[in-house]
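One structure below.
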Amino acid sequence: MRACVRYALVLFAATPTLLGAQGFAIYEQGTCAMGRAGAGVAAPCSDGSGMFFNPAGLAGLTGGHVTVGATLLDVQGGFTDDVFQQKATLDDPLLAVPQVYISYAATPKLGVGVGLFAPYGLETRWPTTFDGRFAGYKNLLRSIYIQPTIAFQLSPQVSLGAGFDIVLGKVELNQRLDLADVPIPATILPVPPGTPTPVFGQFGIAPGTDFANAHLEATKTTVAAHFGAIVKLSDQLSFGANFLTQAKFDYSGTATFTQVSTNLVVPADLSIGAITIPAGTPIDAFLRVPPLNLFDPTSGVFRTQPVTTTIRNPSQLALGLAYKVAAGWTLLGDYQFTWWSQFDQLDITFPQDASGLLARHLVENYRNTSGFRFGTEWAKDAKWTFRGGYLHHDGAAPTETVTPLLPEAQRNEFTAGTTVKLTDDLSADLAYQYIRQDDRRGRTREPLLGAATAAMNNGLYDFHAHLFGVSLSYAF
């Protein structure tokens, strides 16, 4: 049970993005920028998406812009176990990541705006027959940022920008629980001194048996900040810097447990402590009644109860250059650094659990990551603009933490996009991105005691995805 509950709460901070950046980050926050692989810290698109890519990009714009868009994600992948070479395939739906940007040039030098974007999150679904179902078979993590932004052009060469982020966080997990190898706490079933601590498997529950379903859900609102600068080094060359602070969530939610029928019986007379369980006793009924009483709605260990933990969306820094090769043609290159080491451990608390069975201290040891983005943009004429790009980045999870919740690895990604001007005031953006992730060994289970090791890895995760971006921009 400790392992199962560990998996459940890991979702709060370690669910896999299966999207386009390291860890559970999502960088596809604007269709225009997506077409050039997200590069553009030194030259953000004029559609207002600079509120995410670099707030300083609002300075020096003319008039107002309203942009509404979404990135659609078609995620494919799975896990192949070492022993039987059987593959469990992800069953993810088509996911949508929204973006809304409203910007206005209050003066020729002062730009203001508000943006809505989702730079961290995921949704993953595994079959309920997959061995990793004890980690989670339907997982959801969302962070919606609402960012009022202001930018000012100090001089024709220097612009600064900043934003204040109101961050709406939500997490949800559905998982199966496996009791077989879990010790029974003395508060539930006392045994005489010197007697070995019994485990649930002694009742005839085989490892890998689903005995309960757990549903965890929590929401939290917190704040963060965003800063950016753009310096024009020459008529052709610009430099940009962008920093997004961490967002800390002190989550408080609810854990709900539902018994799953095993239809098993105790195989032979069994004595544990002061009680004797006759052969043929239905295990499902025995778990519900004293002395175990696991599912009692007022006193059972698996009653509905509060759960708390703290997670952080990490800080990220991006530095970039933009070079105008010729009229209408620009080359862009960005470097991105993300402080995933801020997610090094996770403390999970069930305030009403007197048995101590559920509380966990998890060591994750995520690594800081680097990403490199290269893009190009060509304005063919007043109506058509074409883009392309390539990006590469590391994985944040160390070898011992590659699980169904974060089966990530190094990625190479390729993008293409276009803008078409529909009228004098209305334009449409389209973009496509292909993600190719390296296959990586990982595991499906957690250790009952101690820290996980790479020796527990029992199979191979593979993953790729197709991303489609679409947006409409109105200038006024």
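Under my numbering, the first residue of the sequence shown carries the number -2, and numbering increases by one thereafter. Using N, Cα and C, we set each Cβ at its ideal position, and we do this for glycine too.
Residue i, DSSP secondary structure in three states
i	result
Thr373	strand
Ser46	coil
Thr278	coil
Gln26	coil
Leu55	helix
Ala132	coil
Trp381	strand
Phe283	helix
Ala526	Outside the shown range of the chain (-2 to 473) lies residue 526, about which nothing can therefore be said.
Phe347	coil
Thr450	coil
Gln199	helix
Ala10	In this predicted model, Ala10 has a pLDDT of only 32, less than 50, meaning its place in the structure is not dependable; the value taken from the coordinates is given anyway. Looking at Ala10 - three-state DSSP - the assignment turns out to be helix.
Gln339	helix
Thr400	coil
Ser470	strand
Pro95	strand
Val262	strand
Pro182	coil
Cut-off 8 Å between Cβ atoms - residues of its own chain near residue i, not counting five sequence neighbours on either side
i	result
Thr259	Ile202, Thr206, Asp207, Phe208, Ile280 and Asp281
Ala103	Val109
Anticipated Cβ contact below 8 Å, residue i with residue j, distance rounded
i	j	result
Asn210	Asn239	Contact flag wrong, Cβ pair sits at about 42 Å.
Gly160	Pro52	5 Å
Met48	Gly414	With a Cβ gap of about 19 Å, Met48 and Gly414 do not count as contacting.
Pro195	Ile272	About 10 Å separates the two Cβ atoms, so there is no contact after all.
Gln73	Leu58	At roughly 39 Å, the Cβ-Cβ gap does not stay under 8 Å, so Gln73 and Leu58 are not in contact.
Ser468	Thr146	Actually they do not touch by this definition, with Cβ atoms about 18 Å apart.
Thr301	Ala252	7 Å
Arg364	Ala324	About 43 Å separates the two Cβ atoms, so there is no contact after all.
Paired residues, beta bridge with residue i - DSSP
i	result
Ala252	Leu213 and Gln302
Asp459	Gly75
Tyr101	Gly61 and Val109
Glu410	Leu388 and Ile432
Ala393	DSSP lists no partner for Ala393.
Tyr363	According to DSSP, which records beta bridges pairwise, Tyr363 is partnered with nothing at all.
Leu419	In DSSP, Leu419 forms no bridge with anything.
Phe246	Ile308
Asp426	Thr416 and Ser468
Phe224	Ala159 and Phe240
Gly32	In DSSP, Gly32 forms no bridge with anything.
Gly66	Gln96 and Ser468
Pro145	Val111
Beta-carbon contacts of residue i that lie in its chain and below 6 Å, excluding the five residues immediately before and after
i	result
Leu267	Ile274
Leu261	Gly201 and Ile280
Ala18	Any reading at Ala18 must be qualified, since the residue scores a pLDDT of 46, below 50, and its modelled position is unreliable; the value itself is stated next. These residues qualify, in order along the chain: Tyr24.
Lys217	Gly166, Phe246 and Tyr248
Leu92	Leu70 and Glu120
Val7	A caution first: Val7 carries a pLDDT of 36, below 50, which makes its placement in the model too unreliable to give a value.
Gln333	Ala315 and Gly368
Pro95	Ala67
Ala11	Low local confidence applies: a pLDDT of 33 at Ala11 is under 50, so the model's placement there is unreliable, and no value is given.
Thr307	Asp247
Thr416	Thr382, Ser424 and Asp426
Gly237	Val38, Ala39, Asn51, Ile227 and Gly317
Arg384	Gly32, Arg33, Glu374 and Gly414
Arg370	Ala34, Gly35, Ala36, Asp331 and Leu388
Lys229	Gln154 and Ser235
Run of the beta strand (DSSP E) containing residue i, from where it starts to where it stops
i	result
Leu354	Unbroken run through Leu354: none, as it is neither H nor E.
Pro116	Leu107 to Arg122
Phe236	Leu234 to Leu241
Ala36	Counting along the chain, Ala36 falls outside any beta strand (DSSP E), and DSSP gives it neither H nor E.
Phe334	Trp326 to Thr335
Ser268	Leu267 to Ile269
Ala159	Val155 to Leu174
Ala319	Gln313 to Ala323
Thr441	No beta strand (DSSP E) contains Thr441, which DSSP labels as neither H nor E.
Thr86	Lys84 to Thr86
Residue i CB to nearest heavy atom of the ligand MG below 6 Å
i	result
Pro395	Among the ligands in the structure shown, none appear at all, so the ligand MG cannot be discussed.
7 Å CB neighbourhood of residue i in its chain, flanking five on each side removed
i	result
Asp459	Gly74, Gly75 and Asp436
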